[in-house]
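The structure under discussion appears below in the form of structure tokens.
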Amino acid sequence: MVDLIQFKVTGSVQGVSFRYATQKEAQKLGLKGWCRNHPDSSVEGAAVGPSDKIQQFHQFLHRGPSAAEVERVELITEKRNISEQEADKALGGRLSGFEVRR
Numbered sequence: 001m002v003d004l005i006q007f008k009v010t011g012s013v014q015g016v017s018f019r020y021a022t023q024k025e026a027q028k029l030g031l032k033g034w035c036r037n038h039p040d041s042s043v044e045g046a047a048v049g050p051s052d053k054i055q056q057f058h059q060f061l062h063r064g065p066s067a068a069e070v071e072r073v074e075l076i077t078e079k080r081n082i083s084e085q086e087a088d089k090a091l092g093g094r095l096s097g098f099e100v101r102r
């Protein structure tokens, strides 16, 4: 069983390597998912993994890389203790890791 979050981070989060720092943190924690820049200057994404790792990742989103100025982290979706299959379906198919989308 895993947890899933879909998130949106606002503030000064584009042009400061936020997506790549997010990918690096997710990979360090062993999470699957994705993130991308949103046209409204935020960064959005989704992550799946063990509850404790998702909590650590959520804390990272509030900090971001040193050049970022995070104003708000919104959890659009938060599902706990779901099956890997349900998580894969929510992510739009099987992901082998955490990817930065364009």
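The sequence shown begins at 1 in UniProt numbering and counts up one residue at a time. Where a beta carbon is used, it is the ideal one built from N, C-alpha and C, also for glycine. Since we're looking at a predicted model, the values are computed, not measured.
For Q14, no beta strand (DSSP E) segment is defined, and its DSSP state is neither H nor E. Excluding the 5 residues flanking it on each side, Q27 has same chain C-beta neighbours closer than 7 Å at G97 and F98, in chain order.
Looking at E74, V13 and K32, the one whose alpha-carbon comes closest to that of G92 is K32.
Of the residues assessed, I54 falls on the buried side of the cut-off, its CB having 16 or more other CB atoms within 10 angstroms. Listed in chain order, the non-local C-beta contacts of S41 below 7 Å within the same chain comprise Q14, local neighbours out to five positions each way being set aside. Judged by DSSP in its simplified three-state form, A87 adopts helix.
Shown here, D3 sits in a strand according to DSSP, grouped into three states. Straight through space, the alpha carbons of A68 and S12 are spaced by roughly 6 Å.
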